[in-house]
Amino acid sequence: MRWTVHLEGGPRRVNHAAVCVGEYIFSFGGYCTGDDYRFSESIDVHVLNIQTLRWTLLPQRRDENGTILKYPEVPFQRYGHTAVAHKDKIYIWGGRNDESLCNVLYCFDPKTLSWSRPPVIGAIPGARDGHSACVIDNCMYIFGGFVEEINEFSCDVHALNFNTMEWRYIQTFGVAPSFRDFHTAEHIHGRMYIFGGRGDKHSPYHSQEEIYCPEIVYLDLKTKVWHRPSTTGKVPVGRRSHSMFIYNNLIYVFGGYNGLLDQHFNDLYTFDPKANCWNLVKPHGKPPTPRRRQVGIVKNQRLFLFGGTSPYPHATAQEQQAFLIDNNDTNVLDFEPSLKTLSILAVVEHRIDTTWLPRELRLEIKAMTQPNSISRPINHAG
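Counting from 1, position 311 in the sequence shown corresponds to residue 311 in the UniProt record's numbering; the numbering is continuous, with no gaps.
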């Protein structure tokens with residue numbers, strides 16, 4: 001396991017949402033500190049070609065008269081939303097701008113690059129941000145978040161059946177996870193695992209007295225019973241705005257932030273759902289900087305991790321909370337690097353002349369080392 005790529009110049013985004021369809025990662029929305037998110041501008045879509053490692057920004061959609069489509073025909077620019085893929089379509093739900101939240105379901109077609117608003121029925125969840133979403137069989141399960149209309153944290157489960165397009169409130173049994181937002185959820189072995197997030201001592205209310213739960217819990221999707229497995233190993237510190245992903249039947253947790261400790265993380269943990277054991281893993285190579293609010297997507301044997309917020313590198317410990325930087329980097333973790341990849345890394349590290357290499361290899365080296373060039377310049381220190 002090795003960190004193999006670190007490229008600057010990609011989308012400078014925080015609290016965005018992304019999924020992989022085929023050989024492309026589609027990243028939706030998010031924010032960059034200092035920009036104005038009070039108005040309903042159309043959501044932007046960045047696309048990463050995972051072979052060339054090049055980012056592009058899709059042009060805004062227009063109607064037959066050439067007018068740019070805006071909300072409600074397309075989602076407004078937002079953060080704290082979720083994106084899931086189902087049958088080669090991408091579904092965006094939830095999130096907010098600086099004025100309001102949203103509970104309208106949007107569908108993005110990666111083939112036509114077009115938006116639609118599928119009609120839904122049933123008990124539509126209240127508008128929220130900081131929730132989680134994952135697809136199990138033909139349903140999208142929503143958990144938690146901060147719900148605007150009641151101004152409270154949630155610990156409810158809702159499901160959208162993609163076959164019937166019906167929303168349902170899911171009655172669960174056992175002790176549910178505490179009220180929280182900006183946690184993560186993944187599914188494996190018929191279970192939806194929940195880890196991390198920000199809660200409150202006076203939950204479900206938001207009193208600014210944060211708590212960070214270090215427990216991992218899961219919902220058995222057949223029985224709808226919550227479980228708290230007894231775990232062993234090195235348990236990660238409670239955190240929010242981290243990344244969670246699955247590779248080779250293990251759950252991985254990267255990065256995040258703990259407000260009580262005022263600490264950003266760039267550590268990597270694995271959780272074995274069969275052994276209920278945590279492990280701290282240290283891949284070879286240089287890891288990304290400590291951060292929160294990034295996105296991590298696994299495709300085949302590689303993790304693509306991009307964006308998020310980090311402490312400004314030259315700030316003192318007292319200044320780090322006030323001086324944060326929104327990242328524009330793209331990082332790749334190769335779980336099983338090939339001899340070819342390791343050889344390329346050696347060529348780059350030792351600055352070996354590449355003119356004698358085949359053109360295909362030179363292009364691959366260029367892709368792994370040449371920065372992208374679509375970022376906006378940094379215009380703030382907040």
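We put the beta carbon where it would ideally sit given N, CA and C, even for glycine.
*Just curious, the alpha helix (DSSP H) that Glu166 is in, first and last residue?*
Counting along the chain, no alpha helix (DSSP H) covers Glu166; the unbroken beta strand (DSSP E) around it starts and ends at Glu166 to Ile170.
*Does the beta carbon of Pro358 fall short of 7 angstroms from some heavy atom of the ligand FMN?*
The ligand FMN is not among the ligands present in this structure, which contains no ligands whatsoever.
*Ordered along the chain, which non-local residues of its own chain (more than five positions away) have a Cβ less than 6 angstroms from that of Cys32?*
Excluding residues within five positions, the ones whose Cβ falls inside 6 angstroms are Arg12 and Asp326.
*Would DSSP call Thr67 helix, strand or coil?*
coil
*Can you tell me which of the three DSSP states Leu361 falls into?*
helix
*In whole angstroms, what is the alpha-carbon distance linking Glu209 and Cys134?*
So the alpha carbons of these two residues sit roughly 29 angstroms apart.
_Check whether Arg293 and Val14 have beta carbons under 8 angstroms apart_ = yes
*Nearest to Leu250 by CA position, among Arg291, Val298 and Ile344, is which residue?*
Val298
*asked:* Our contact map puts Phe153 next to Pro204 with C-beta atoms below 8 angstroms; I'd like the distance itself, whole angstroms only.
replied: 5 angstroms
_Given Asn328 as reference, the closest of Arg291, Asp109 and Glu149 once Cα atoms are compared_ = Among Arg291, Asp109 and Glu149, the Cα nearest to that of Asn328 belongs to Arg291.
*What three-state label does DSSP hand Ser343 in the structure shown?*
helix
*Tell me which same chain residues have a C-beta within less than 6 angstroms of the C-beta of Phe162, skipping the five on either side of it?*
His86 and Asn138
_Segment limits, beta strand (DSSP E) that includes Glu186_ = Thr184 to Ile188
*Per-residue burial, Gly308 [other beta carbons within 10 Å of its own, 16 or more giving buried]*: Of the other Cβ atoms in all chains shown, 16 or more fall within 10 Å of the Cβ of Gly308; this residue is therefore buried.
*asked:* So, under 8 angstroms CB-CB, Ala127 and Glu148 are touching, yes? Tell me the CB distance rounded to an integer number of Å.
replied: 5 angstroms
_DSSP three-state label for Ala17, please._
strand
*Mapping DSSP to helix, strand and coil, what is Val74?*
Looking at Val74 - three-state DSSP - the assignment turns out to be coil, as it is neither helix nor strand.
*Closest to Lys111 by CA distance: which of Tyr193, Arg180, Thr232 and Gly22 is it?*
Gly22
_Residue from Gln51, Leu69, Asn97 and Ile142 whose Cα sits closest to the Cα of Tyr91_ = Ile142
*chain B beta carbons: is any one of them nearer than 8 angstroms to that of Ser42?*
Of the chains in the structure shown, none is chain B; there is only one protein chain.
_Please identify the residue among Ser178, Pro214 and Tyr218 whose C-alpha is closest to the C-alpha of Met192._
Out of Ser178, Pro214 and Tyr218, the CA that lies nearest to the CA of Met192 is found in Tyr218.
*So what does Leu333 bridge to, in DSSP terms?*
Trp3 and Leu303
*Output the distance between the C-alpha atoms of His264 and Asp272, rounded to the nearest integer angstrom.*
Between the alpha carbons of His264 and Asp272 lies a distance of about 24 angstroms.
*Please classify Glu349: does DSSP put it in a helix, a strand, or coil?*
helix
_Quick check on Lys89: does DSSP put it in helix, strand or coil?_
DSSP places Lys89 in strand when its eight states are reduced to three.
*Which runs of the alpha helix (DSSP H), 4 residues or longer, sit entirely within the region 202-260?*
none
*Alpha carbon to alpha carbon, how far is Thr184 from Leu113? Give it in angstroms, no decimals.*
28 angstroms
*Alpha carbon to alpha carbon, how far is Val253 from Ser243?*
6 angstroms
*Exposed or buried, what is Ile352 when buried is set at 16 or more other beta-carbons lying within 10 Å of its beta-carbon?*
exposed
_Presumed contact (8 angstroms Cβ cut-off) between Gly94 and Asp129, rounded CB distance_ = 6 angstroms
*asked:* Give me the residue from Pro287, Pro288 and Phe304 with the minimum Cα distance to Val295.
replied: For Val295, the nearest C-alpha among the options comes from Phe304.
*Taking 8 angstroms as the cut-off, decide whether the C-beta atoms of Val237 and Trp278 are in contact.*
For Val237 and Trp278, no; Cβs fall outside 8 angstroms.
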